Amino acid sequence: MARTNATNFSGALQFPYATAGTDIFKKEDVQTLALAVDQHDHTAGKGLAPPAGSITSGMIADGTIATADLANAAVTNAKLASDTARANLLTNGGFEIWQRGNGPFSTAGVTADRWNLVLSSSTMSVSKIASTIGAVGSSAQLAYTHVVYAELYQQMGAGGSQITELAGRTISLSARVKSTVASTVRLVVYDGTTSTYSSRNVGTGNEQLTLSVTLASSYAGNTPFFGVHLDTASCTVEVNDVMLVVGAQYADYAPLHPAEDLARCLRYYEIIGDASGFPLTQVYAGAAQNFAFPFAFKAVKAATPTLTKNGTWAVTNFGQPSPGYGGVSGFSATVTASSVGNAQFYTGGVAGVNFTAESNP
Amino acid sequence: MSVRPVAFNADGSIDVVYDEGGHSGTIPAAEIAWAANPDGSHNHNFVVLHCPDGCGTASTHPVGGGAAPAEVQQMFVQKTQREGCACGQVDAADPNSLGESHVRLQVNRMDGPGRWVLG
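Chains A and B are the protein sequences, given in the same order.
Numbered according to the numbering used here, the first sequence spans residues 22 to 382.
Numbered according to the numbering used here, the second sequence spans residues 628 to 746.
Now the structure itself:
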């Protein structure tokens, strides 16, 4: 058997070694080997580096990457999972607040707080139901009869809406839906110029629809909206947990504290007066004397609101109150006394007798 | 929502709904009334609609639109074009464009530019 040189060492000191038991042993074999080994530099950082791009997930033990291993400002929105809680840009996305009643609402207009019903030849009624999908609580049930289309959406328009600050950004909309008919409901984003739609529901179970859109760079035109669109066949759809977030990655529903959710709704609709008897006003009046009673809103309105005196108020020596002179922070209710003496108006603790203030985009 | 217009008829009347009460009906043009100031004069920034059902409910709509911007602004435009404005700046005989411009100015003064939603 011939002697052979080292095959894995390419340095200057090639050391031959015997490859068979019959080969003679030379002390130079060991001497040369020792010199060759002595050439190896084992100080820190020496040695053959792994080829670039060769470290993959399978070569890293799970749970060993620490925050310090990440570069600052390196985690992009697209790297977030949908269960990363984020702020919802919509109000009442969980359909928990129905100040106008539980429905069914079948005339175009606001239904659950902030949710606007729009009809194009089709009919659709919107009702509050106990949730069977998504977050526990309530959902919106849409009973849709198909002709052209119907939509349930939130507008972002005048009145200090955040929409002007979202211009040009990529946003993601998501919602839980369950329809009685496959391929009947999809998400819609209208940015004031263009409507963009998600895919429709695939089946009849609990599904999460998602849609990411880069909004137009300005809102000089029509009012943008975000919601659901039905346009293929009659069906009944449950909608819940609608989320609108900044970024290309949609987010699972993150409920607000109920107080904050209601506070947002009060910006657009507020009830003054309840069955407890509030408010009750009383003065000593002269005959035919006019009075104006000021009422402050709990929340500053998005725009000057419509003021409604609901029902017939209980009165003594007063005519019916008339809300007027309203601005975004309050209004005055004016009344006229019939004769000299004590005069008062009050709800009488009757449900539905109150004032409402409403300003919608 | 409120006693709000949902359709406009050729004779100047409007179809209204009152969602909370489940009421609806038609209000004649003559009953689409300006709100009254304390001195009894008319206020061109507000219009009062009484529920035609007779339930006692009445809504005071601001020219900015309030609960239903498109429909309420349209109501102000048509009333001003038909009767002139309560302030006297627009007469019933004036061109329709003047009435609309006047209402748009009122909207801008009340709620700022961007609140006008009519085309």
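From the three backbone atoms N, C-alpha and C, an ideal C-beta is built for every residue, glycine too.
Note that this is a predicted model, so its numbers are computed, not measured.
When you compare only the Cα positions, how much space is there between residue i and residue j?
{"i": "A/Tyr211", "j": "A/Ser143", "result": "20 Å"}
{"i": "B/Ala662", "j": "A/Gln365", "result": "22 Å"}
{"i": "B/Arg709", "j": "B/Pro655", "result": "13 Å"}
{"i": "A/Thr355", "j": "A/Asn338", "result": "14 Å"}
{"i": "B/Thr687", "j": "A/Ala378", "result": "10 Å"}
{"i": "A/Cys256", "j": "A/Val202", "result": "6 Å"}
{"i": "A/Ser204", "j": "A/Cys286", "result": "32 Å"}
{"i": "B/Ser728", "j": "B/Val674", "result": "18 Å"}
{"i": "A/Thr77", "j": "A/Ala92", "result": "18 Å"}
{"i": "A/Ile292", "j": "A/Arg135", "result": "15 Å"}
{"i": "A/Gly180", "j": "A/Ser360", "result": "Because A/Gly180 sits at a pLDDT of 48, beneath the cut-off of 50, its placement in the model cannot be relied upon, and the following sentence gives the value as read from the coordinates. Rounded to the nearest angstrom, the two C-alpha atoms are 43 Å apart."}
{"i": "A/Gly226", "j": "A/Asp252", "result": "19 Å"}
{"i": "A/Ser148", "j": "A/Val131", "result": "12 Å"}
{"i": "A/Asn375", "j": "B/Ser629", "result": "12 Å"}
{"i": "B/Gly739", "j": "B/Gly692", "result": "12 Å"}
{"i": "A/Ala154", "j": "B/Val644", "result": "The sequence shown places Ile at residue 154 of chain A, rather than the Ala named in the question. Taking the straight line joining both Cα atoms gives about 32 Å."}
{"i": "A/Pro315", "j": "A/Ala296", "result": "20 Å"}
{"i": "A/Gly345", "j": "B/Ser668", "result": "14 Å"}
{"i": "A/Leu140", "j": "A/Ala94", "result": "45 Å"}
{"i": "B/Val734", "j": "A/Ala358", "result": "33 Å"}
{"i": "A/Ser350", "j": "A/Ala324", "result": "10 Å"}
{"i": "A/Tyr170", "j": "A/His250", "result": "7 Å"}
{"i": "A/Asn29", "j": "A/Pro37", "result": "12 Å"}
{"i": "A/Val168", "j": "A/Pro125", "result": "19 Å"}
{"i": "A/Thr333", "j": "B/Gln716", "result": "36 Å"}
{"i": "A/Tyr367", "j": "A/Pro279", "result": "29 Å"}
{"i": "B/Glu647", "j": "A/Phe312", "result": "28 Å"}
{"i": "A/Ser385", "j": "B/Met737", "result": "Shown here, chain A extends from 22 to 382; a query on residue 385 of chain A therefore has no answer."}
{"i": "B/Arg742", "j": "A/Phe246", "result": "16 Å"}
{"i": "A/Ala108", "j": "B/Gly639", "result": "46 Å"}
{"i": "A/Thr145", "j": "A/Leu163", "result": "The sequence as given places Met at residue 145 of chain A; Thr does not occur at that position. Whole-angstrom Cα-Cα distance: 6 Å."}
For a contact meaning CB atoms closer than 9 Å, what does residue i contact in chain B?
{"i": "A/Ser343", "result": "Ala662, Ala663, Val675, Ala685, Thr687"}
{"i": "A/Leu236", "result": "Within 9 Å Cβ-Cβ: nothing; A/Leu236 doesn't reach chain B, min ~17 Å."}
{"i": "A/Ala324", "result": "Pro689, Gly691, Gly692, Gly693, Pro696, Met737, Asp738, Gly739, Arg742"}
{"i": "A/Phe126", "result": "Asp646"}
{"i": "A/Val371", "result": "Those do not exist, as A/Val371 stays about 11 Å from chain B at its closest Cβ, beyond 9 Å."}
{"i": "A/Gly347", "result": "Phe673, Thr687, Pro689, Gly693"}
Starting from residue i, trace the alpha helix (DSSP H) both ways and give me its first and last residue.
{"i": "A/His167", "result": "Note, A/His167: premise wrong, no alpha helix (DSSP H); not H, not E."}
{"i": "A/Phe50", "result": "One point to set straight first is that residue 50 of chain A is Asp, not Phe, in the sequence displayed. Its alpha helix (DSSP H) spans residues 48-59."}
{"i": "A/Thr205", "result": "Here A/Thr205 belongs to no alpha helix (DSSP H), and DSSP marks it neither H nor E."}
{"i": "B/Gln708", "result": "696-710"}
{"i": "A/Pro279", "result": "279-287"}
{"i": "B/Glu658", "result": "Careful: B/Glu658 lies outside any alpha helix (DSSP H) and carries neither H nor E."}
{"i": "B/Asn735", "result": "723-738"}
Using a C-beta to C-beta distance shorter than 7 Å, which residues of chain B count as neighbours of residue i?
{"i": "A/Gly122", "result": "Glu647"}
{"i": "A/Asn227", "result": "Within chain B, no residue comes near A/Asn227; the closest Cβ sits about 30 Å away, beyond 7 Å."}
{"i": "A/Asn331", "result": "Glu647, Thr684"}
{"i": "A/Asp189", "result": "It should be noted that the sequence gives Gly, not Asp, for residue 189 of chain A. Correct list: empty, because the minimum Cβ distance to chain B is about 18 Å."}
{"i": "A/Val356", "result": "Neighbours of A/Val356 on chain B: none; closest Cβ ~12 Å, over 7 Å."}
{"i": "A/Val131", "result": "Met628"}
Let me check you understand the geometry: is the CB of residue i closer than 7 Å to at least one non-hydrogen atom of the ligand GDP?
{"i": "B/Gly715", "result": "Ligands are entirely absent from the displayed structure, and the ligand GDP is therefore not among its contents."}
Using a cut-off of 8 Å between C-beta atoms, extract the partners of residue i located in chain B.
{"i": "A/Gly379", "result": "Here residue 379 of chain A is Glu; the residue named in the question, Gly, does not match the sequence. Ordered by position in chain B, the residues that pass the 8 Å Cβ test against A/Glu379 are Met628, Ser629, Gly693, Ala694."}
For the beta strand (DSSP E) containing residue i, name the first residue and the last one.
{"i": "B/Val644", "result": "641-645"}
{"i": "A/Gln229", "result": "228-235"}
{"i": "A/Asn261", "result": "256-267"}
{"i": "B/Pro689", "result": "685-689"}
{"i": "A/Val304", "result": "301-306"}
{"i": "A/Tyr367", "result": "362-367"}
{"i": "A/Ile292", "result": "290-293"}
{"i": "B/Leu676", "result": "669-677"}
{"i": "A/Ser193", "result": "191-200"}
{"i": "B/Arg742", "result": "Run containing B/Arg742: none; DSSP gives neither H nor E here."}
{"i": "A/Ser75", "result": "Segment: none, A/Ser75 is in no beta strand (DSSP E) and carries neither H nor E."}
{"i": "A/Arg221", "result": "Segment: none, A/Arg221 is in no beta strand (DSSP E) and carries neither H nor E."}
{"i": "B/Val630", "result": "630-635"}
{"i": "A/Pro315", "result": "311-317"}
Checklist entry - Between the stretch 730-741 of chain B and chain A, which residues of the former have CB atoms less than 8 Å from a CB of the latter, in chain order? => result Met737, Asp738, Gly739, Gly741
Next on the checklist: Please list, in chain order, the residues of the stretch 635-661 of chain B that have any C-beta partner in chain A closer than 7 Å.
Outcome noted: Val644, Asp646, Glu647
Next on the checklist: At 3 residues or longer, what runs of the beta strand (DSSP E) sit wholly inside the stretch 81-161 of chain A?
Outcome noted: Runs of the beta strand (DSSP E) inside the stretch 81-161 of chain A: 137-141, 144-151.
Checklist entry - If you measure beta-carbon to beta-carbon, which residues of the stretch 301-329 of chain A are closer than 7 Å to chain B? => result Asn311, Ala324, Thr325, Pro326, Thr327, Leu328, Thr329
Item to check | Entirely enclosed beta strand (DSSP E) segments - the stretch 332-357 of chain A, minimum 3 residues | outcome: 335-337, 343-345, 351-357
Item to check | Residues within the stretch 698-718 of chain B neighbouring chain A, beta-carbon criterion of under 8 Å | outcome: Those residues of the stretch 698-718 of chain B placed with their C-beta closer than 8 Å to a C-beta in chain A are Val699, ordered along the chain.
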